[in-house]
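Chemist: Before we start, here is the structure in question, set down as structure tokens.
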Amino acid sequence: MVPNDETLFDKVVNLSKRRGFVFQSAEIYGGFRSTYDYGPIGVLLLRNVKDQWWRSMVQMRHDVVGLDASILSPPAVWEASGHLANFTDPLVDCRECGDRHREDKLVDPSTCPSCGATGTLTEARQFNLMFKTHAGPVTETAAEVYLRPETAQGMFTNFANVLNTSRKRPPFGIAQIGKSFRNEITPGNFVFRTREFEQMELEFFVPPDDSDEWFEHWCEVRRNWYLDLGMPDDRLRLRAHEGDELSHYSKATSDVEFLFPWGWDELEGIANRTDFDLRRHAEASGTRLEYLDPATNEKYVPHVIEPAAGATRTAMAFLMAAYDEEEVRGEQRTVLRLDPRLAPYTMAVLPLSKKPELVEPSREVLGLLQPHWMCDYDETQAIGRRYRRQDEIGTPFCVTVDFETLDDRAITVRDRDSMEQERVPIDELVDHLRARLRT
Ligand code: ATP
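The opening residue of the sequence shown carries number 13 in my numbering; numbering runs sequentially from there.
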């Protein structure tokens with residue numbers, strides 16, 4: 013067990029770089045602060061996190077549809093949503109060292125966390141977190157556009173479109189996964205807080221009287237999603253916001269929090285946004301955003317429950333929860349105990365040697381497995397080192413082709429966690445692995 017402190021943090025950051033999960037963006041130019049690129053292994057993990065979210069939130073439900081809205085939007089959207097006026101963080105400067113901090117995150121409001129000086133922080137000023145740019149060749153005010161700081165507004169501005177085309181009726185939801193951008197004052201903790209990140213958000217529209225019940229439903233569903241994918245119970249909690257913590261639109265909010273190496277911190281916010289957004293957009297756009305219940309002939313503006321999660325932040329939390337080290341026969345082994353549904357590769361095909369007589373059947377085995385699972389293929393180095401490499405990136409199964417395979421048409425399946433090996437006929441391999449993965 014690795015202690016859940018900077019030791020774990022450093023080990024995960026190190027592994028991420030060494031094995032191709034996450035690279036500093038523009039590294040060859042010295043890096044661009046707070047932006048990261050997902051490498052060949054990281055992109056698979058991130059995709060799996062998003063796929064599992066989509067599967068649980070859209071595919072497995074009858075009452076949710078998907079959306080992929082634009083990232084650029086005109087100021088009118090953010091004027092109506094309240095973001096132009098309210099999407100701010102309180103910014104303080106240290107007169108001593110010049111560093112900037114978020115006042116609401118200071119442990120001691122009189123002391124600069126960078127240089128330790130006391131009484132040197134300026135009064136807070138409100139700093140808007142939205143990135144502004146210009147559409148087209150002119151940089152005049154009329155051409156101003158914003159990069160979305162959340163995906164949610166796309167669901168509100170498309171509410172009537174979806175209602176009219178999808179045959180869904182409240183209670184129903186619209187789900188979206190995509191990039192969001194915030195000009196964070198203090199990005200940091202690796203990919204925990206970045207200026208460009210990915211969100212997975214659901215806006216669930218309900219009759220006003222049912223909103224408390226649906227809020228509880230989504231808190232429960234979302235907490236269970238993390239647990240089902242292997243987050244340990246003692247490192248996950250739901251925390252209700254205090255009144256003064258609530259956002260400008262929210263009636264109630266609970267955060268799903270993970271015990272990071274630096275303490276409890278947010279993975280997802282579940283908010284009861286009431287009818288705030290639909291009402292504001294209806295007023296500002298002049299479009300009716302309401303629902304006429306044909307059964308009661310009652311017209312109402314639905315209330316909204318929003319579970320809003322971060323894909324990049326969650327992928328990092330899964331990495332931290334999965335990281336383990338143990339001693340095996342006097343040697344240290346690093347292993348990512350990721351749920352097979354999240355593991356970048358579900359299996360790796362490894363010929364015992366690079367000799368052509370083994371490479372050929374190995375490629376055949378690879379061809380059998382690839383239509384079903386994401387597979388790695390590696391024929392370099394000693395087999396022990398290749399197993400260690402797969403353990404480090406969390407591959408649940410290694411499939412080894414050896415010289416006996418040429419006689420018995422069987423291969424060895426090695427289990428990541430127990431390291432046990434089992435001989436399985438090639439013809440039964442897909443069924444065997446499917447049974448072990450229970451998919
Ligand atoms: P914070 O208080 O930490 O700034 P928030 O409460 O403003 O976050 P939300 O607006 O609720 O965050 O966003 C929903 C989710 O999107 C967060 O729980 C988080 O997982 C993710 N997220 C938000 N900001 C960032 C960021 N800068 N980098 C990475 N993920 C983010």
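Heads up, the beta-carbon is just placed ideally off N, CA and C, and yes, glycines get one too.
The model shown is predicted, which means the values in this text are computed figures rather than measured ones.
1) Does the distance between the C-beta of E115 and the nearest non-hydrogen atom of the ligand ATP fall short of 6 angstroms?
2) Below 6 angstroms, is the gap between the Cβ of F209 and the nearest heavy atom of the ligand ATP?
3) For H146, write down the residues that DSSP places opposite it in a beta bridge.
4) For a test of the three-state rule: what should DSSP assign to W237, helix, strand or coil?
5) Leaving out five residues before and five after S46 in sequence, what residues of the same chain have Cβ atoms less than 6 angstroms from its Cβ?
6) When we look at the beta-carbon of N60 and count the other beta-carbons within 10 Å, is it buried (16 or more) or exposed?
7) Buried or exposed for Y357, please, with buried defined as at least 16 other CB atoms from any protein chain shown within 10 angstroms of its CB.
8) Can you grab the Cα-Cα spacing for the pair F415 / V340, in whole Å?
9) When you compare each of F21, Y335, D80, P306 to K191 by their alpha carbons, which one comes out closest?
10) What are the boundary residues of the alpha helix (DSSP H) that I395 is part of?
11) What span of residues does the beta strand (DSSP E) with H74 cover, start to end?
12) With 16 as the cutoff for other CB atoms within 10 Å, does R234 come out buried or exposed?
13) As an exercise, report each continuous alpha helix (DSSP H) stretch of at least 4 residues that is fully enclosed by the stretch 245-303, in chain order.
14) Nearest-angstrom Cα distance between D388 and E18?
15) As an exercise, report each continuous alpha helix (DSSP H) stretch of at least 4 residues that is fully enclosed by the stretch 308-368, in chain order.
16) Buried or exposed: where does T308 fall if 16 or more other Cβ atoms within 10 Å of its Cβ makes it buried?
17) Residues bridged to D101 by DSSP?
18) For K180, would you say it is in contact with chain C, using Cβ-to-Cβ distances shorter than 7 angstroms as the test?
19) My parser needs the beta strand (DSSP E) runs of 3 or more residues fully inside the stretch 15-62; what are they?
20) Is the stretch 343-357 close to the stretch 325-334, with three or more CB pairs under 8 angstroms?
21) Under the three-state reduction of DSSP, which class applies to L370: helix, strand or coil?
22) Which residue marks the beginning of the beta strand (DSSP E) containing F217, and which one marks its end?
23) For A164, name the three-state secondary structure that DSSP assigns.
24) Is T206 near the ligand ATP - that is, is its Cβ less than 6 angstroms away from at least one heavy atom of it?
25) So is the beta-carbon of E280 under 6 angstroms away from any non-hydrogen atom of the ligand ATP?
26) So is the beta-carbon of A264 under 6 angstroms away from any non-hydrogen atom of the ligand ATP?
27) Relative to the C-alpha of M212, which candidate in F202, T407, F139, P319 has its C-alpha closest?
28) Rounding to the nearest angstrom, what Cα-Cα distance links Y261 and G131 in this structure?
29) Looking only at C-alpha atoms, which of I186, C410, R30, E257 sits nearest to D429?
30) Here's a check: name, in chain order, each residue in its chain whose Cβ is nearer than 8 angstroms to the Cβ of T417, leaving out the five neighbours to either side.
31) State the Cα-Cα distance for the pair E108 and K117, rounded to the nearest angstrom.
32) Using only the alpha-carbon positions, how far apart do F99 and L381 sit?
33) So which of E269, E210, Y335 has the shortest CA-CA distance to I83?
34) Any idea what DSSP makes of H113, helix, strand or coil?
35) Verify the contact flag: A320, CB atom, against every heavy atom of the ligand ATP, threshold strictly below 6 angstroms.
36) Label H74 either buried or exposed according to how many other C-beta atoms from any shown protein chain fall within 10 Å of its C-beta, with 16 as the threshold for buried.
Modeler: Checking against the coordinates, here is how it stands:
1) no
2) Annotation for F209 indicates a beta carbon within 6 angstroms of some heavy atom of the ligand ATP.
3) E156
4) helix
5) P199, T206, R207.
6) buried
7) buried
8) 26 angstroms
9) Here the closest residue by C-alpha is D80.
10) 395-404
11) First-last for H74: undefined, no H or E at that position.
12) buried
13) 288-297
14) Roughly 31 angstroms between the two C-alpha positions.
15) Whole alpha helix (DSSP H) segments, 4+ residues: 323-334.
16) exposed
17) Paired residues: F139.
18) The structure shown contains no chain C; it holds only a single protein chain.
19) Unbroken beta strand (DSSP E) runs of no fewer than 3 residues, entirely contained in the stretch 15-62, are found at 34-36, 48-50, following chain order.
20) yes
21) helix
22) Looking at the DSSP string, the run of the beta strand (DSSP E) that includes F217 is 208-218.
23) helix
24) yes
25) yes
26) No, the ligand ATP has no heavy atom inside 6 angstroms of this Cβ.
27) P319
28) 34 angstroms
29) C410
30) The beta carbon of T417 sits closer than 8 angstroms to those of L370, P373, I423, I438, all from its chain and outside the five residues before and after it, given in chain order.
31) 19 angstroms
32) 48 angstroms
33) E210
34) Secondary structure of H113 (DSSP, three-state): strand.
35) Within the cutoff, so yes.
36) exposed
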